[in-house]
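If you use this note's numbering, the sequence shown corresponds to residues 27 to 514, in order.
Note that CB positions come from ideal geometry on N, CA and C, so glycine has one too.
Since we're looking at a predicted model, the values are computed, not measured.
Beneath this line is the structure, given in structure tokens, with notes to follow.
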Amino acid sequence: MRLDILKEPKKNRGEAVYYRSKGKSVCADVVPYYEDGEFKLFYLRDYRDVKNDGEGCPWCLLTTSDLVHYVDNGPTILRGKQSEQDLYVFTGCTVKFNGEYYVFYTGHNPHLRRQGLPEQKILMAKGDSLTNLRKVPEFVFEAPEWLEMHDFRDPFVFFDDTENKYCMLIAGRLKSDSPTDVKGVTLIAYSDDLFNWEVSREPFYAPSAFFTHECPDLFKMGDYWYLVFSEFTDRICTTYRMSKSLKGPWRTPKVNSFDGHAFYAAKSAFDGKRRIMFGWNCIKNNERDDEFWQWGGTIIPHELVQDEDGTLYVKCPDEVAASFDKEVKLERGLTFGAVDGNEYAVSVGENGIKSAVMFGETPQNFKIELEFETTDDIGDFGVILRESDNLSRRYEVRFEPRFNRLCFDKFPRKDNTVHVNVDVERYCPLKPGEKNKMIIIAEESVLEVYVNDKVAMSARMFDFKKGNFGLYTKDTKVKFGNVKLFTR
């Protein structure tokens with residue numbers, strides 16, 4: 027059964043602010059475009075149930091004007107047949123020229139590799155609207171002989187005023203005797219007419235560090251150009267480089283990622299005032315905490331913020347935070363250790379003592395806002411989520427200031443002999459005596475954490491569906507304040 031049938035647009039479920047496609051399918055790479063007051067988000071729909079839904083992956087079109095309410099317009103670029111190049115319609119881009127939309131995308135078919143043919147080629151669709159696109163069969167762009175033919179994907183097209191040409195960034199791999207994991211390059215091709223392209227032998231970016239640089243994105247903010255891509259060789263994350271020139275050199279900032287490995291394949295769009303990055307918070311096998319991460323999941327927006335030195339950070343978009351607007355009264359429950367304060371402000375912990383204060387059960391979908399101030403960088407502290415059984419079952423959003431680390435953990439762990447491993451982590455330096463703010467948003471299994479409008483951490487909570495939340499410290503004293511719980 028193939029489900030590539032255009033249907034009436036459907037709104038997302040009313041209680042959800044983060045979008046995941048219906049049924050067993052998941053959302054993968056997002057290709058954002060902004061026009062007429064709307065973010066128009068093409069995304070790859072992976073049906074997962076090949077037996078019933080058929081093999082392959084189409085592009086679907088999701089639209090939103092407020093990052094909270096979405097309309098799914100269904101498949102707009104249909105997947106091809108098993109014998110065709112675009113059985114899987116993979117990542118690309120959208121450009122508008124002379125009133126028409128040109129969509130460049132990756133045609134991926136693993137069956138062709140077995141026949142000695144390229145697994146990936148760049149293809150085109152065009153139309154007078156994004157819901158009325160037709161494939162252009164005469165346009166086929168494949169890797170030249172000096173590149174590996176199976177990795178030639180994820181086109182990103184822009185117009186370069188200095189060259190007076192259209193440019194296309196491409197994720198590719200060099201043919202060489204070098205180790206497998208260093209052949210990845212971001213290529214650049216040039217065109218005068220969007221149909222005829224020539225790949226430059228000099229890569230746009232070649233760090234000799236990754237298997238490939240997926241989903242390239244390029245934009246300018248202020249004095250800097252930013253090259254964004256995703257890599258699965260090292261940390262499995264969306265990362266970026268910066269330069270004051272399109273010719274480089276491309277500098278790697280100290281914090282060169284936007285989120286952890288549970289946020290991937292992110293690309294951005296500018297709405298005239300701000301730039302929003304869309305990636306996916308990946309699911310796990312069988313949607314269980316202790317299983318391995320999988321491709322695709324739920325679409326998450328982050329707002330990009332440029333610091334004074336040109337480096338980039340992300341924050342929670344205001345609309346997303348504001349959509350959780352029904353405050354839930356907090357009532358203190360279980361406490362242990364050194365605890366003082368009242369129900370909205372609590373100072374927890376002393377050196378050598380573990381302390382906690384609990385506030386009762388949260389709704390399944392909620393937002394927590396709080397402020398905190400540390401006295402030192404010796405111990406750990408954080409927020410307990412979905413706790414039960416007298417604290418023996420819980421998730422932890424944990425700060426480890428001595429390691430400059432924010433992380434997500436679960437207890438009981440599946441294997442306590444692997445005690446140094448956490449599910450996800452982020453670099454998050456804190457200074458004793460300084461006030462900090464934090465937002466935690468949970469929606470079904472999705473967890474999004476933001477600290478000081480600079481640090482973002484995506485995670486998943488599959489196994490524990492409900493429970494209490496609270497605050498805790500170990501070997502340190504932390505003053506928490508303005509602790510508030512909201513739902514939608």
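*For the region 323-342 against the region 505-512, are there 3 or more C-beta pairs whose distance is under 8 Å?*
no
*asked:* So, at 8 Å on beta carbons, what are the nonlocal neighbours of D260 in its own chain, with the 5 sequence-adjacent residues on each side left out?
replied: Residue 260 sits at position 234 when you count from the first residue of the sequence shown. Excluding positions up to five away in sequence, the list reads A235, F236.
*According to DSSP, is D351 helix, strand or coil?*
Your numbering for residue 351 matches position 325 in the sequence shown. Note: D351 maps to coil in three-state DSSP.
*Assign K457 to one of two classes, buried (16 or more other C-beta atoms within 10 Å of its C-beta) or exposed (fewer than that).*
Within the sequence shown, numbered from 1, the residue matching residue 457 stands at position 431. With fewer than 16 other Cβ atoms within 10 Å, it is exposed.
*asked:* Quick check on the DSSP output: the beta strand (DSSP E) that includes H134 runs from which residue to which?
replied: What you label residue 134 is simply residue 108 of the sequence shown in a count that begins at 1. Residues 126-134.
*For F437, count neighbouring C-beta atoms within 10 Å of its own C-beta (all shown protein chains included) and say buried if the count is 16 or more, exposed if not.*
By 1-based counting over the sequence shown, the position of residue 437 is 411. Label assigned to F437: exposed.
*asked:* Measuring only the C-alpha atoms, how far is F116 from Q146?
replied: Translated into positions along the sequence shown, residue 116 becomes position 90. Translated into positions along the sequence shown, residue 146 becomes position 120. Near 9 Å, if we compare the C-alpha coordinates of Q146 and F116.
*Return the CA-CA distance between P229 and I466, expressed in angstroms with no decimal places.*
Taking the sequence shown and counting its residues from 1, one reaches residue 229 at position 203. Taking the sequence shown and counting its residues from 1, one reaches residue 466 at position 440. Spanning the two alpha carbons is a distance of roughly 41 Å.
*For H134, is the classification buried or exposed, using 16 other Cβ atoms within 10 angstroms of its Cβ as the cut-off for buried?*
For the purposes of this step, residue 134 is taken as residue 108 along the sequence shown, with counting starting at 1. Its Cβ being crowded by 16 or more others within 10 Å, H134 is buried.
*Determine the extent of the alpha helix (DSSP H) in which V76 is found, giving its start and end residues.*
Start at 1 with the first residue of the sequence shown, and residue 76 comes out as number 50. Start and end: 76-79.
*Simplified DSSP assignment, three categories, for D441*: Counting from 1 along the sequence shown, the entry for residue 441 is found at position 415. D441: coil per DSSP, three-state reduction.
*Smallest Cα separation from P181: which of L159, S202, Y216?*
Here residue 181 is taken as the residue at index 155 of the sequence shown, counted from 1. Among L159, S202, Y216, the Cα nearest to that of P181 belongs to Y216.
*In three-state DSSP terms, what is E345?*
By 1-based counting over the sequence shown, the position of residue 345 is 319. The answer is helix: DSSP assigns E345 an H, G or I state.
_For V301 and V477, I'd like the C-alpha separation in whole angstroms._
Indexing the sequence shown from 1 puts residue 301 at position 275. Indexing the sequence shown from 1 puts residue 477 at position 451. Just to set this straight, residue 301 is Arg in the shown sequence, not Val. Their backbone Cα atoms lie some 19 Å apart in a straight line.
*asked:* Can you list, in chain order, the residues of its chain with a C-beta nearer than 7 Å to that of R105? Leave out the 5 residues immediately preceding and following it.
replied: Reading the sequence shown from its first residue, position 79 is the one you call residue 105. Result list for R105: D30, G82, C83, P84, D112, L113, Y114, V115, in chain order.
*Alpha-carbon to alpha-carbon, M150 and Y554*: As shown, the chain starts at 27 and ends at 514. That puts residue 554 outside it, with no answer to give.
*Is the region 401-414 touching the region 489-504 in the sense that three or more CB pairs, one from each, lie closer than 8 Å?*
yes
*Identify, in the order they occur along the chain, each residue of the same chain with its Cβ nearer than 8 Å to the Cβ of G125, setting aside the five sequence neighbours on each side.*
Looking up residue 125 in the sequence shown gives position 99. Closer than 8 Å at the Cβ level, and outside the excluded window around G125, lie D154.
*asked:* As an exercise, report each continuous beta strand (DSSP E) stretch of at least 3 residues that is fully enclosed by the region 90-115, in chain order.
replied: 97-103
_Nearest-angstrom Cα separation, counted from V409 out to L67_ = By 1-based counting over the sequence shown, the position of residue 67 is 41. By 1-based counting over the sequence shown, the position of residue 409 is 383. The alpha-carbon atoms of L67 and V409 are separated by roughly 33 Å.
*Should K500 be labelled buried (16 or more other beta-carbon atoms within 10 Å of its own) or exposed?*
In the sequence shown, the residue the question calls residue 500 occupies position 474. Buried is the call here.
_Our contact map puts Y498 next to A371 with C-beta atoms below 8 Å; I'd like the distance itself, whole angstroms only._
Here residue 498 corresponds to residue number 472 of the sequence shown, with the count starting at 1. Here residue 371 corresponds to residue number 345 of the sequence shown, with the count starting at 1. The Cβ separation is near 16 Å, so there is no contact.
*Would you mind working out which of G305, M268, E387 sits nearest K491, comparing C-alpha positions?*
Along the sequence shown, read from residue 1 onward, the residue named residue 491 stands at position 465. For the residues G305, M268, E387, the minimum Cα distance to K491 belongs to E387.
*asked:* DSSP three-state label for P327, please.
replied: Taking the first residue of the sequence shown as 1, we reach residue 327 at position 301. If DSSP states are grouped into helix, strand and coil, P327 belongs with the strands.
*Whole-angstrom distance between N307 and G405, CA atom to CA atom*: If you number the sequence shown from 1, residue 405 lands on position 379. If you number the sequence shown from 1, residue 307 lands on position 281. Answer to the nearest angstrom: the Cα atoms are 29 Å apart.
*So F385 and R358 are in contact, right, with Cβ under 8 Å, and what is the actual spacing, rounded?*
For the purposes of this step, residue 385 is taken as the residue at position 359 of the sequence shown. For the purposes of this step, residue 358 is taken as the residue at position 332 of the sequence shown. Confirmed, Cβ separation roughly 6 Å.
*Reference V225; option with closest CA among Y453, I325, Y192*: In the sequence shown, the residue the question calls residue 225 occupies position 199. Ranking the options by Cα distance to V225, first place goes to Y192.
*In terms of residue numbering, what span does the beta strand (DSSP E) encompassing W223 cover?*
Reading the sequence shown from its first residue, position 197 is the one you call residue 223. Per DSSP, W223 belongs to no beta strand (DSSP E) and is neither H nor E.
_Delimiting residues of the beta strand (DSSP E) encompassing E174_ = Numbered from 1 along the sequence shown, position 148 holds the residue referred to as residue 174. 173-186 is the span of the beta strand (DSSP E), which, as asked, contains E174.
*Taking all protein chains shown into account, do 16 or more other C-beta atoms lie within 10 angstroms of the C-beta of L70, making it buried, or fewer, making it exposed?*
To locate residue 70, count along the sequence shown from 1; it is residue 44. L70 is buried by the Cβ-count criterion.
_For V448, which residues in the same chain have their Cβ closer than 7 Å to its Cβ, ignoring the five residues on either side in sequence?_
What you label residue 448 is simply residue 422 of the sequence shown in a count that begins at 1. For V448, where only same-chain residues beyond five positions count, the Cβ hits under 7 Å are C433, F434, D435.
*Taking C-alpha atoms, which residue in Q108, L173, Y128 lies nearest to L138?*
The residue you call residue 138 lines up with position 112 of the sequence shown. Of the listed residues, the one whose Cα sits closest to L138 is Q108.
_Ranges of the beta strand (DSSP E) found wholly within the region 407-473, counting only runs of at least 3_ = 419-426, 431-437, 450-453, 461-469
_Secondary structure of D207, DSSP reduced to three states_ = Within the sequence shown, numbered from 1, the residue matching residue 207 stands at position 181. Three-state result, D207: helix.
*asked:* Give me the DSSP bridge partner(s) of D366.
replied: Taking the first residue of the sequence shown as position 1, residue 366 is located at position 340. Partner(s): S373.
*Cα-Cα, which of R267, D187, V162, I214 is closest to I170?*
Stepping through the sequence shown from its first residue, residue 170 is reached at position 144. Residue 170 is actually Pro in this sequence, not Ile. Answer by Cα proximity: I214.
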